[in-house]
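In what follows, a structure is listed as structure tokens, so that the remarks can point back to it.
In the numbering used here, the protein residues as written are 86 to 240.
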């Protein structure tokens with residue numbers, strides 16, 4: 086029994102499209118995380134306690150909170166717990182990349198956005214999750230942010 090060439094071509098095409106979609110999703114992760122870094126830096130520009138460690142924790146808990154609320158994280162980033170607490174695994178290389186692009190500066194360890202973030206990459210729900218995390222940790226330094234919602238912050 087011979088395979089129908091049209092059926093075989095259709096299956097190959099579907100497989101190629103599936104792989105292309107998966108590759109696109111994987112390539113979106115860094116850009117989405119980079120834009121979220123710029124967004125958080127912009128939103129936290131007046132937070133005296135904002136630094137790279139607090140940025141990492143905000144990104145971690147924003148992903149965590151979005152996952153709890155909707156079943157998927159915002160960035161799809163892999164997170165790790167290091168000496169300075171939970172953060173996206175690629176945070177420091179992405180911050181350096183954003184510095185090289187002229188999108189971010191570090192002023193005494195404080196990330197500062199030098200441009201507006203591309204918020205079109207995010208759903209309204211995702212941005213609400215990020216803003217809720219930022220609001221709840223605003224008065225805290227990074228070391229005090231050990232859970233979400235933080236126990237010492239008011240809702």
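Ideal Cβ placement from N, Cα and C applies to all residues, glycine included.
Exercise. Quick one: what's got a C-beta closer than 8 angstroms to residue 127's C-beta in the same chain, skipping five residues either side?
Worked result: Start at 1 with the first residue of the chain shown, and residue 127 comes out as number 42. 198, 201 and 202.
Exercise. Would a C-beta distance cut-off of 7 angstroms place residue 150 and residue 222 closer than the cut-off?
Worked result: Here residue 150 refers to the residue found at position 65 when the chain shown is read from its first residue. Here residue 222 refers to the residue found at position 137 when the chain shown is read from its first residue. Result no, Cβ atoms of residue 150 and residue 222 do not sit closer than 7 angstroms.
Problem set entry | Per-residue DSSP class, three states only, for residue 165 | Mapped onto the chain shown, residue 165 falls at position 80. Residue 165 sits in a strand when the DSSP states are folded into three classes.
For this session: Output the boundary residues of the beta strand (DSSP E) element that contains residue 196.
Result: Counting from one through the chain shown, the residue named residue 196 turns up at place 111. 195-198 is the extent of the beta strand (DSSP E) around residue 196.
Exercise. Taking only runs of the beta strand (DSSP E) that begin and end inside the stretch 129-180, which ones reach a length of at least 3 residues, in chain order?
Worked result: Fully enclosed beta strand (DSSP E) runs of 3 or longer: 164-167 and 170-173.
Exercise. Taking the alpha-carbon positions, what's the residue 191 to residue 154 distance?
Worked result: As a first step, residue 191 is located in the chain shown; it is residue number 106 there, counting from the start. As a first step, residue 154 is located in the chain shown; it is residue number 69 there, counting from the start. Between residue 191 and residue 154, the C-alpha separation is close to 32 angstroms.
Problem set entry | Proximity of residue 147 and residue 213 at Cβ, strictly below 7 angstroms | In the chain shown, counting from the first residue as 1, residue 147 sits at position 62. In the chain shown, counting from the first residue as 1, residue 213 sits at position 128. Their beta carbons are not under 7 angstroms apart, which means residue 147 does not touch residue 213 by this criterion.
Exercise. Between residue 116 and residue 169, what straight-line distance do the alpha-carbon atoms span, to the nearest angstrom?
Worked result: Counted from its first residue, the chain shown places residue 116 at position 31. Counted from its first residue, the chain shown places residue 169 at position 84. Computed Cα separation, rounded: 24 angstroms.
Problem set entry | Rounded separation between residue 110 and residue 189 - CA only | For this step, residue 110 is matched to residue 25 along the chain shown. For this step, residue 189 is matched to residue 104 along the chain shown. Residue confidence for residue 110 is low, a pLDDT of 46 falling below 50, so the modelled location carries little weight and cannot support an answer.
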